[in-house]
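**Q** The number in my numbering is simply the position in the sequence shown, starting from 1, with 3 added.
This is the structure I have questions about; it appears just below.
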Amino acid sequence: MSLTEQDKLDLFNKVAAVVSFLVILVTLAILHFKKKKLVALNSEEWISFTLIKKVDISHDVRLFRFALQSEKHILGLPIGQHISLKFTDTEGKLVQRSYTPVSSDNNVGYVDFVVKVYFAKVHPKFPDGGKMSQYMNNLQIGESMMMKGPKGHLEYLGNGKLKIKRKQVMNTVTVKKIGMVAGGTGITPMLQIINAVLKNPNDKTQLFLLFANQTEDDILLRKELDELHRKHDHLKVWYTVDKAPEGWSYSEGFITADMCRKHLPPADSSTLLLVCGPPPMIKYACEPAFRENGFEETQWFSF
């Protein structure tokens, strides 16, 4: 029996109604999933997280793993931002520091920090050592740490696009090349961005890392950096140390304009420089070197 034109129209309308209903259901399901995403951090509230793992990476470097509220929670930290940690010392004084995790929101249920412990009575200029790093080093499994975040004025959005806040004004920039200068523990925000770029096969942003340390043994996360460099052509890694061992094939000495010229991208509209490390390194070595190589202040960002 053949269908009349009216029958065909009625059938078409019924199919269209079913398809529309299914589209609405899928959309609602996606929105429900996004709404239900469990985020651990709260930028307005200090939250206690429990230490569940501690690993000695070297004599003075530790990995600390803290459990989130549940095994379904993500940290909720935008790429390029950091977290505040705090405790009250034996004299009742508040100690607060900022750290960038080495884990990301791809790691569900926990957050990892790699921290260099600055022990007391080691460096004559800092006889008391680092209060926060020593406190964390003394934490036992099952004890907790207060954290709050996200914090920061930079967010990496992917594919060379970044949001940067300067003088209370938020701007978005897109670049093809990111040069990074890190000193000591300043490597952690750089590694966060490096991992975000390299985990995305569509992100072709070129990365250049110049990493400064006192000695070869002080190079934090070197194994991970060298492995990433070996696997990815668009990541270049170069080291410099104050005291080079025999057979050292990288640079020796403080950051200089010539070192930056050789191992970072040149100044142009498609390049952004990021720097993180001790304030004297940034003020007296990096910024003068950047200026000498033709960069304007809007072309670099200090964490």
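No residue lacks a Cβ here, since even glycine has one placed at the ideal position from N, Cα and C.
CA-CA distance, aspartate 206 and lysine 234?
**A** Those two C-alpha atoms are separated by around 15 Å.
**Q** Where does phenylalanine 214 land, buried or exposed, given buried means 16+ other C-beta within 10 angstroms?
**A** When all chains shown are included, phenylalanine 214 counts as buried.
**Q** Suppose you measure from the CA of glycine 297 to the CA of phenylalanine 257; what does that come to, to the nearest Å?
**A** Distance between the alpha carbons of glycine 297 and phenylalanine 257: 20 Å.
**Q** Would tryptophan 303 be called buried (16 or more neighbouring beta carbons within 10 Å of its own) or exposed?
**A** With 16 or more Cβ atoms within 10 Å of its Cβ, tryptophan 303 is classed as buried.
**Q** Going by DSSP in three states, histidine 232 sits in which element: helix, strand or coil?
**A** Looking at histidine 232 - three-state DSSP - the assignment turns out to be helix.
**Q** In this structure, how does DSSP classify glutamate 255 when only helix, strand and coil are distinguished?
**A** Three-state result, glutamate 255: strand.
**Q** Once DSSP output is grouped into helix, strand and coil, what is the label at isoleucine 82?
**A** Isoleucine 82: coil per DSSP, three-state reduction.
**Q** Helix or strand or just coil, what does DSSP make of glutamate 290?
**A** Helix, per DSSP.
**Q** Relative to the C-alpha of leucine 160, which candidate in Glu290, Ile197, Met284 and Thr301 has its C-alpha closest?
**A** Cα-wise, what sits closest to leucine 160 is Ile197.
**Q** Using the beta-carbon count (16 or more within 10 Å), is glutamate 230 buried or exposed?
**A** Exposed.
**Q** What does DSSP give as the partner residue(s) for methionine 262 in the beta ladder?
**A** In the DSSP output, where bridge partners are listed per residue, methionine 262 has none listed.
**Q** CA-CA distance, methionine 149 and leucine 267?
**A** When rounded, the distance between both Cα atoms is 37 Å.
**Q** Nearest to tyrosine 242 by alpha carbon, out of Gly250, Glu249, Asp236 and Arg225?
**A** When each option's Cα is compared against that of tyrosine 242, the closest is Arg225.
**Q** Between the beta-carbon of leucine 201 and the beta-carbon of leucine 238, is there less than 8 Å?
**A** Going by C-beta atoms, leucine 201 is nearer than 8 Å to leucine 238.
**Q** Inspect the CB distances between the stretch 270-287 and the stretch 175-186 and report whether three or more fall short of 8 Å.
**A** Short answer: they touch.
**Q** Within 10 Å of its beta-carbon, does glycine 145 have 16 or more other beta-carbons around it, so buried, or fewer, so exposed?
**A** Exposed: under 16 other Cβ atoms inside 10 Å.
**Q** Can you tell me which of the three DSSP states valine 200 falls into?
**A** Helix at valine 200.
**Q** For proline 130, tell me which candidate among Ser136, Pro153 and Phe122 has the shortest Cα-Cα distance.
**A** The residue with the shortest Cα to Cα distance from proline 130 is Phe122.
**Q** Considering only the alpha carbon of each residue, which of Phe293, Asp271, Arg65 and Gln143 lies closest to threonine 259?
**A** Ranking Phe293, Asp271, Arg65 and Gln143 by Cα distance to threonine 259 puts Phe293 first.
**Q** Using a Cβ-Cβ cutoff of less than 6 Å, which residues in the same chain neighbour threonine 301 once the five nearest sequence positions on both sides are dropped?
**A** Excluding residues within five positions, none has a Cβ falling inside 6 Å.
**Q** Run through the DSSP bridge pairs and tell me what arginine 225 is partnered with.
**A** Bridge partners of arginine 225: none, in fact.
**Q** Do proline 104 and leucine 66 have their C-beta atoms within less than 8 Å of each other?
**A** Taking 8 Å as the Cβ cut-off, proline 104 and leucine 66 do not qualify as a contacting pair.
**Q** If the criterion is Cβ atoms closer than 8 Å, does the pair lysine 154 and histidine 85 meet it?
**A** Against a cut-off of 8 Å, the Cβ pair of histidine 85 and lysine 154 comes out as a contact.
**Q** How would you label cysteine 289, buried or exposed, when you count the other beta carbons within 10 angstroms and need 16 or more for buried?
**A** Cysteine 289 comes out buried.
**Q** Which residue from Gln72, Val125 and Lys134 puts its Cα closest to that of valine 98?
**A** If we check each option's Cα against that of valine 98, Lys134 comes out closest.
**Q** My output table needs one value for aspartate 59: the three-state DSSP class, helix, strand or coil.
**A** Residue state, collapsed to three classes: strand.
**Q** Beta strand (DSSP E) containing asparagine 174: first to last residue?
**A** Its beta strand (DSSP E) spans residues 172-177.
**Q** Going along the chain, which residues of its own chain have a beta-carbon closer than 7 Å to the beta-carbon of isoleucine 167, five neighbours each way excluded?
**A** Hits under 7 Å: His156, Leu157, Asn174, Val176 and Phe304.
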